[in-house]
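Take the sequence shown: its letter number 293 is residue 293 in UniProt numbering, and every next letter is one higher.
The beta-carbon is built from N, C-alpha and C at its ideal position, and this holds for glycine as well.
Structure first, commentary second.
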Amino acid sequence: MAGNQAIFDRALEQYQLASRAGDWNKALTEAARAMTEFPTHEQARIAVATALFHTNKLPQALQLWQELLKRNPDNPIFTEYIAKIYRAQGDTDQAIELFMQLAERLIAQKLPLKAVRAYRDILDIHPSHEEARVRLAMVLAESGDKPGAIREYLHLGQQFYDAEQYDAADEAAVEALNVDPASLSAQEFKKKVDLARQALITAATGDQLPDQGRLQTKEQIERAVNEAIEYQNNGLLEQAAQMYERVVEVLPERADMQYSLGLIYDELERHKDALRVLEIASHNDEYALSAHFAIGTIYQKLGQMERAAQEFEQAIRYVDLQSIGKEEANDLIDMYEATSAIYLELGDVARAASLYSTLAGFLQGKRWGAEQAAQYNAKAKELTDRSMMSKLRMLGTGILNAPPPEEAVPEPQTETWGKMPSITDFLSPKSRVEASPVDDMASLEALLSANTGPAPQTMLTDIDPLDVLAANLPPAGEVHFAPLTPIDTEGRSERIQRLVEASESFAEQNFLYAALDACHEIIRYDLEFYAIHLRMAEILERLGRMDQALAKLNLLIETYKARGETHKAIGVYHKLIDLSADSTIIRAELAEVLRKQGRSDEAAEQLAYVANQQFRQGQTVKALEQFRKLLEWAPDSVNLRAQYGQVLLKLERWEAALEEFRRVIVQKPDDLVVMAQANIALAMMGEFPDAIWDSVAALIQKLASNPQQLNDVQAEYRAVTLITDRAIIQFLLGLIQQSTKQHPAAMHSFNQALELLEIDADPLVPPVLVYQAIADSYIAEGNAAGSIEQLRKIEAILVTGTVPAMSTKHAFAQPFNEGELQRRLAEAYAANENFEGAIQALQRVKQLLPYDRQAYTKLADIYFRQGRLNEALTQLDELATYYESQSQLDRALEILATGLQLAPKNIPIKSRHAQLMMRRGYLDEGLVGLDELAELQRKQGLVKDAVASIQQVADVYWTLGKVDKAAEMYNRIVQIAPNDTEARQHLVSFNILSLRTKDAIIQLREIARLSIQQRNYEEAIASYHQVIALDQKDADAYEQLADVLMRAQEYGQAVRTYKQLAKLLPDDDRVEALQSAAQRMLDQQQVAKG
């Protein structure tokens, strides 16, 4: 049910007033009232979160800010508030992590000064934080603050010097000198470090390795690498280390070599050397994740848990969460589990709870992760409660009592890579955490009541902000298992078949031990029925005995291998992959089995996962080689090419990525994510502007019918900004958001594009295009003033004449000309009710763009809204006349129809519209229009015009052969103008042609009568002649004709007429008398003429 907009707006207004006055308790109440009306409205949620923060209700504020960040991860304000909350709660590690993320995002958004503030916040919390200080120095150097950058580098170098880490101190000194080689302080510190290093070298003693000769050529280096890999594969780690050392000596920039050497050192327990080379590898973006994780593992072995946790968290930061799928999630879970375990060992329960909460939030957003999300939410809640109660006991509040301690149950450790606990350990019943039945918000309210004191009197009692927040908490979930794999019992005994059915029935009813017993019975009766072992593994999984389930599956696979029946192991491999924390090796084995079975496409899918895993671990070369091999196996695999293209895109190999995306689009034209990736590749190449605009236009068009793919498409554009942020990408993202009516988000993207253009101009996106797009969004949002501001900026650019010429068919990529600009200004002025400004702009448009339809129609609309009807109709008439002169009759009809909407009774517009209808061939509509026109003319006293209109209608009906309709129209004419002889003459002609002689004679007599009244004897005589011609025996007509001739003093003709009448009436004395009188008048006339 929609909320009340008026209450919502009023509540937000009161919130703003209260917040400005510093009354945050009242502000919280008003914000909560607004959120009650529209619980999902972002502005209301931001207001509540801000008020909760300022009223020191930090847990609730944290939850709400995290929800906002999850919906809009690119908003730095949300991240900053969350970091401040963690800092206020004493969770400095989490605060530092978030401030670091905030700084990196601000740098990516080209906001270095704001990033400096974030780094300084980190150093305020942790002054010896190495990474923050290094990055702060780099940002200061790039911003031109050389003295500041040097101070930070030297501060860091002094830290290393005090710790006797002279190599690191030397690196800091070198970085300071790189900023300014003339810096005296940097030079002095460099000398100081050099002396200390020289003293250390002189005092050191030890054996040196024999010189094996420096590698010189490329062939020697490649041979050494191959030998090192071979030694490593054969377990000859010392020899492999020596070969890697030789390669690193000549190619120190090869991060893959440094990483491999570090892993070997770790296995040889040369931990110090391993840390040194892995630290170097961690500076490479491709290997940073893997290197930091390996470093953390080493510190864990050395017992330096704090350092281990820091490295694990550093590794987590490099994980691209948007690309994590179900298959890769286990690795991410292992990383979080390992880090959380360390924090629990260190006693930092709050930090462990935070990690579990973050992990649960990630899994909650995945369709396949709901079950695990519920598990980790419960874990996070349990740890959070423990942390809170611990803090309360330390404070001596006495409000909450800790629950009785549970007996510690040792958890079995699964031996996996890196010695991390497997996620399957946490699925066992002994370690699974049930969701607490206690309401989360109730416990938070208890804490708040203890810490914040009584609520102020201004808090309204009918709305509790905490209740509003509690309504939005996610529900607890339950663990569900996949259905049991069906088992084929064909050819088996009836006993075996019944036992298989029993095992399935018991398992589905959760009688798991009974199901196991049934499986054991099957094995007792049929040792070679190996398929039942898969059923046992699934039952063991449900019992939480994951180690036994995994062992069972591995043994079953080995059994099938030994029997030469590897094809039967395919289903077992899939189950093993589902349960295993690290499925890379298993997938490689499965791929080989599938390939041997001729199922190359399926094999390629498995190895594609392996390749993606290698890429995420920073092994780029191996990943690319793997993809190339897979494409040889399955060249027509669309999914494989799409994955390969994504990897190439992340490596900034735009052209190669575009080629792969092109092939995918040919086969899957409706895959909008791939279309977006292709558009991104084109944009980053920047060589084909038309292709960029065409592809984004096609993408926008398809999104209209496939809105469910919108979020995925936007995610692709946001992801590429993390690699390299360019104005063209932000602009394209804004266009997509604008087309889907996400105008606030679109304007944010456009403003980001403008900020980037200020730093680095992009010929593809001149600022005028961005201003145009922002103006359109402002208009769409009803903000006419904002649109006018943007259009004025465009006007200023047009005046300078610096607008680039861009030829494209798409309006969003074509800069406005002066006429289009004035048209948009007029639209904005009109929306802002500045009608005079709109009129001036439209008059200017008419000069620049003669007969521009929008200009005329908009001008007519404005005149009409001002009550100036005649001027409005004049505009429409001018435009219709132009269209008519160009033979564009349909357009002219549209314009005239618009005029009729403004003035339905305007006779000139109605007449033109009806006449054009007739010309265009729309006879029915035209006849109706003429009929309506005639009625209007009649009512306004324009009888002749009305008669002409009806006569035109009658003529058309006559032409169409609709005689009755035509007769009806002519009769209407006579009714309208009974004394109009001309109209009656037309009716006579119609009656004669339609063989209606009697009707024609009646009208001729009436014409004669009217003519005599008007003393128009010639017309009367002609009428009677026509009557006689139609009916030669009409005696009345002869007599009336003779009478008219006598009046016209045509006595001779009268005499002849009477003679003819006498023939018709030979015995009529009256006729003879009339004839005699006529003869006398004729004689007198002749005498008078002499």
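For residue i, which residues in the same chain have their Cβ closer than 6 Å to its Cβ, ignoring the five residues on either side in sequence?
| i | result |
| --- | --- |
| residue 778 | 786, 787 |
| residue 183 | 150 |
| residue 12 | 34 |
| residue 645 | 657, 660, 661 |
| residue 1070 | none |
| residue 728 | 683, 762, 764, 765 |
| residue 692 | 682, 683 |
| residue 642 | 664, 674 |
| residue 268 | 237 |
| residue 882 | 851 |
| residue 893 | 916 |
Beta-carbon within less than 7 Å of residue i's beta-carbon, same chain only, minus the 5 sequence neighbours each way: which residues are those?
| i | result |
| --- | --- |
| residue 315 | 289, 292, 293, 296, 335 |
| residue 298 | 266, 271, 274, 275 |
Which residues mark the beginning and the end of the alpha helix (DSSP H) in which residue i is found?
| i | result |
| --- | --- |
| residue 354 | 349–364 |
| residue 506 | 494–508 |
| residue 600 | 600–616 |
| residue 870 | 869–885 |
| residue 223 | 218–233 |
| residue 6 | 5–20 |
| residue 59 | 58–71 |
| residue 530 | Segment: none, residue 530 is in no alpha helix (DSSP H) and carries neither H nor E. |
| residue 76 | 76–88 |
| residue 25 | 24–37 |
| residue 574 | 570–579 |
| residue 1097 | This structure gives no information on residue 1097, because the portion of the chain shown stretches from 1 to 1090. |
| residue 134 | 130–142 |
| residue 183 | No alpha helix (DSSP H) holds residue 183; DSSP gives it neither H nor E. |
| residue 620 | 620–633 |
Please check the pair residue i and residue j, which I expect to be a contact at CB under 8 Å, by giving their CB distance rounded to whole angstroms.
| i | j | result |
| --- | --- | --- |
| residue 585 | residue 577 | That pair is no contact at about 10 Å. |
| residue 873 | residue 902 | 7 Å |
| residue 771 | residue 794 | 5 Å |
| residue 776 | residue 738 | 7 Å |
| residue 798 | residue 827 | About 17 Å separates the two Cβ atoms, so there is no contact after all. |
| residue 1082 | residue 1058 | The pair is not a contact, with the Cβ atoms about 11 Å apart (cut-off 8 Å). |
| residue 550 | residue 579 | 6 Å |
| residue 168 | residue 190 | In fact, because the Cβ distance is near 13 Å, the residues do not count as touching under 8 Å. |
Have a look at residue i and residue j and give me their C-alpha separation to the nearest angstrom.
| i | j | result |
| --- | --- | --- |
| residue 908 | residue 740 | 44 Å |
| residue 568 | residue 632 | 26 Å |
| residue 966 | residue 1030 | 22 Å |
| residue 1034 | residue 1056 | 16 Å |
| residue 238 | residue 599 | 40 Å |
| residue 851 | residue 844 | 12 Å |
| residue 28 | residue 6 | 18 Å |
| residue 1171 | residue 1085 | Outside the modelled stretch of the chain, which goes from 1 to 1090, sits residue 1171, for which no answer is possible. |
| residue 181 | residue 161 | 21 Å |
| residue 519 | residue 572 | 17 Å |
| residue 452 | residue 615 | Legend: pLDDT at residue 452 = 40, less than 50; position of this residue unreliable, value from coordinates given subsequently. Distance between the alpha carbons of residue 452 and residue 615 is about 50 Å. |
| residue 489 | residue 371 | 32 Å |
| residue 939 | residue 842 | 37 Å |
| residue 671 | residue 714 | 14 Å |
| residue 807 | residue 929 | 45 Å |
| residue 1097 | residue 176 | Lying outside 1 to 1090, the shown extent of the chain, residue 1097 is not represented and no answer is given. |
Keeping to the same chain, check which residues put their C-beta closer than 8 Å to that of residue i; ignore five residues upstream and five downstream.
| i | result |
| --- | --- |
| residue 570 | 590, 593, 594, 597 |
| residue 495 | 525 |
| residue 84 | 53, 95 |
| residue 876 | 856, 857, 860, 895, 896, 898, 899, 902, 909 |
Segment contact flag, the stretch 796–814 with the stretch 845–860, C-beta cutoff 8 Å, min 3 pairs: Counting Cβ pairs under 8 Å, fewer than three are found: no touch.
Stretch pair the stretch 25–37 + the stretch 666–682: three plus CB contacts closer than 8 Å: The stretch 25–37 makes no contact with the stretch 666–682, as fewer than three CB pairs between them are under 8 Å.
The stretch 528–543 / the stretch 490–507 touching (three or more Cβ pairs under 8 Å): Contact between the stretch 528–543 and the stretch 490–507 is present, because at least three Cβ pairs lie under 8 Å.
Cβ contact check for the stretch 128–137 and the stretch 371–386: 3 or more pairs under 8 Å: These segments do not touch.
The stretch 948–959 touching the stretch 917–928, judged by at least three CB pairs closer than 8 Å: They touch, by the three-pair rule.
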